[in-house]
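A.B. asks:
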Amino acid sequence: MLSLNQDTIICTVPVRKMSAAPLFQDEPEMPQEDGNLPYEEEIYKDSSTFLKGTQSLNPHNDYCQHFVDTGHRPQNFIRDVGLADRFEEYPKLRELIRLKDELIAKSNSPPMYLQADIEAFDIRELTPKFDVILLEPPLEEYYRETGITANEKCWTWDDCLRKWGYRRCEDICWIKTNKNNPGKTKTLDPKAVFQRTKEHCLMGIKGTVKRSTDGDFIHANVDIDLIITEEPEIGNIEKPVEIFHIIEHFCLGRRRLHLFGRDSTIRPGWLTVGPTLTNSNYNAETYASYFSAPNSYLTGCTEEIERLRPKSPPPKSKSDRGGGAPRGGGRGGTSAGRGRERNRSNFRGERGGFRGGRGGAHRGGFPPR
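In structure tokens form, the structure reads like this:
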């Protein structure tokens, strides 16, 4: 489950040099020593020689000082941030992304959307259960309606995740650039010192999903946990479309729900629900028919994708760490390493073992709450 909220990024502020003066007019001035010290000629004054490089004490690659002088945020100078350029120097990952995008496009269900007031609508009426939920609440509206003051203590998204039964496992950060309008900044919050230049998407998992054992449901480490795009204009609430790519690459479940969606966020493979949608085409029976076949709620995986995708190293057994086996015992036999685990009566084995199976009480397929 994913949810968006704002945070801050620290930038330096200019500090002016103070010069000393006599306290009284008739006080004799002390003789000044020769100021031609080696470092005096190298005092850094501005960023006019930004990025030229130097061996002196002048930090000509100080991105924070450059932000103070010009308004260009430091993240403006990060290279290869787009989807097309990010893995240009990593052909293996580039090929993996291409293959996954082709498979996702082929397995996507037609887009469905439902105009509904989520505050009054019972989400549990939606069927079937969902594999992934993207929650994009209108935080500004909540802020105005509740009358929360700037210094008032209130709930956090961690509290919400725990309340809903999720454990927080990842933090996807959207870093906003201002290449198009470097001098134009948003109004600061009351008593604020720093500008808000990033937002966080918190990801929570419900159940016992593990990347080392559940490769049929999640593919970890395919994407990075950063999104770097231009900040939208004031009043524009659109989020980067890349968040959908990250979700689809990570979770192989096809039952995807987007709450508080808009007309601009309707896309194949997703059920979009929100109060600002201008139309509806959702039909519960039709939507359920897309996942009626066994395991049809999964996108599947090809042999080439499985070969290319990053994997977690296999866990070490006690015998590998030097423990568990008696002194003098050999490495072979069923009593060492994984062989011992596979002979246990409660070894997970086939789907539906001790962890409840896909869509069971402990994993995946949970109704939205």
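Each step along the sequence shown adds one to the number in the working numbering, with nothing skipped, and position 129 is 129.
For glycine and all other residues, C-beta sits at the position ideal for the given N, C-alpha and C.
Within the same chain, show all residues whose beta-carbon is closer than 8 Å to that of E88, passing over the 5 residues directly before and after it, in chain order.
C.D. replies: Taken in chain order, the residues that qualify are D80 and R94.
A.B. asks: Quick check for students: name the residue ranges of the alpha helix (DSSP H) that lie wholly in the stretch 57-113, counting only runs of 4 or more.
C.D. replies: Whole alpha helix (DSSP H) segments, 4+ residues: 63-70 and 91-107.
A.B. asks: Would you kindly report the start and end of the unbroken beta strand (DSSP E) that includes L161?
C.D. replies: Careful: L161 lies outside any beta strand (DSSP E), inside the alpha helix (DSSP H) at W157 to K163.
A.B. asks: Have a look at the DSSP bridge pairing and note the partners of K176.
C.D. replies: T229
A.B. asks: Using the Cα positions of I205 and R86, report the straight-line distance between them to the nearest angstrom.
C.D. replies: 27 Å
A.B. asks: Evaluate the contact criterion for the stretch 299-314 versus the stretch 154-170: three or more CB pairs, one atom per stretch, below 8 Å.
C.D. replies: no
A.B. asks: Using beta carbons (cut-off 8 Å, strictly below), is E231 in contact with chain C?
C.D. replies: Of the chains in the structure shown, none is chain C; there is only one protein chain.
A.B. asks: Are the stretch 277-287 and the stretch 62-70 touching by the rule of at least three beta carbon pairs closer than 8 Å?
C.D. replies: no
A.B. asks: My output table needs one value for E304: the three-state DSSP class, helix, strand or coil.
C.D. replies: helix
A.B. asks: Going by the beta-carbon positions, is the gap between E136 and W174 smaller than 8 Å?
C.D. replies: no
A.B. asks: Quick check: P128 and P268, are their CB atoms within less than 8 Å of each other?
C.D. replies: no
A.B. asks: Check whether the stretch 226-234 and the stretch 258-267 touch, using three or more Cβ-Cβ pairs below 8 Å as the test.
C.D. replies: no
A.B. asks: I'd like to know whether the C-beta atoms of R254 and L271 end up nearer to each other than 8 Å.
C.D. replies: Their beta carbons are not under 8 Å apart, which means R254 does not touch L271 by this criterion.
A.B. asks: Decide if F250 is buried, meaning its Cβ has at least 16 other Cβ atoms within 10 Å, or exposed.
C.D. replies: buried
A.B. asks: Which term fits F194, buried or exposed, when burial requires 16 or more other beta carbons within 10 angstroms of its beta carbon?
C.D. replies: Classification of F194: exposed, given that the 10 Å Cβ count is below 16.
A.B. asks: Could you tell me if N178 is buried or exposed, where buried requires 16 or more neighbouring beta carbons within 10 angstroms of its beta carbon?
C.D. replies: buried
A.B. asks: Please report the distance separating the alpha-carbon of H72 from that of N180.
C.D. replies: 9 Å
A.B. asks: For Y113 and I266, which I take to be in contact (beta-carbon distance under 8 Å), what is that distance rounded to the nearest angstrom?
C.D. replies: Confirmed, about 5 Å.
A.B. asks: Start and end of the alpha helix (DSSP H) containing H249?
C.D. replies: E242 to F250
A.B. asks: How is the alpha helix (DSSP H) around E238 delimited, first residue to last?
C.D. replies: First-last for E238: undefined, no H or E at that position.
A.B. asks: E199 lies in the alpha helix (DSSP H); which residues open and close that run?
C.D. replies: Not the alpha helix (DSSP H): E199 falls in the beta strand (DSSP E), residues K198 to I205.
A.B. asks: Using three-state DSSP, classify D263 as helix, strand or coil.
C.D. replies: If DSSP states are grouped into helix, strand and coil, D263 belongs with the helices.
A.B. asks: Helix, strand or coil: which one does DSSP assign to E136?
C.D. replies: E136 falls in the coil class under three-state DSSP.
A.B. asks: Using the C-alpha atoms, what's the distance from P310 back to R211?
C.D. replies: 10 Å
A.B. asks: At the level of alpha carbons, what is the spacing between G207 and V132?
C.D. replies: 13 Å
A.B. asks: The alpha helix (DSSP H) that contains T388, what's its start and end?
C.D. replies: Outside the displayed range of the chain (1 to 369) lies residue 388, so it cannot be described from this structure.
A.B. asks: Could you compute how far the alpha carbon of W134 sits from the alpha carbon of I224?
C.D. replies: Sequence check: residue 134 is Leu here, not Trp. C-alpha separation (whole angstroms): 18 Å.
A.B. asks: With which residues is V273 paired in a DSSP beta bridge?
C.D. replies: L114 and L259
A.B. asks: Between R124, I118 and F291, which has its C-alpha nearest L277's C-alpha?
C.D. replies: The residue with the shortest Cα to Cα distance from L277 is I118.
A.B. asks: Tell me, which residues are paired with D216 by DSSP?
C.D. replies: According to DSSP, which records beta bridges pairwise, D216 is partnered with nothing at all.
A.B. asks: What number of angstroms, rounded off, separates the C-alpha of P138 from the C-alpha of T156?
C.D. replies: When rounded, the separation of the alpha-carbon atoms in P138 and T156 is 15 Å.
A.B. asks: Report buried or exposed for N76, applying the criterion of at least 16 other Cβ atoms within 10 angstroms of its Cβ.
C.D. replies: For N76, the number of other beta carbons within 10 angstroms of its own is at least 16, and it is reported as buried.
A.B. asks: Who are the near neighbours of L96 in its chain, counting only those whose CB is closer than 7 Å to its CB and skipping five residues on each side?
C.D. replies: V222, I305, L308 and R309
A.B. asks: Hey, M203 and E248: beta-carbon distance below 8 Å or not?
C.D. replies: Contact check for M203 against E248 fails: the beta carbons are separated by 8 Å or more.
A.B. asks: Express the C-alpha separation of N295 and A288 in angstroms, rounding to a whole number.
C.D. replies: C-alpha of A288 to C-alpha of N295: approximately 13 Å in a straight line.
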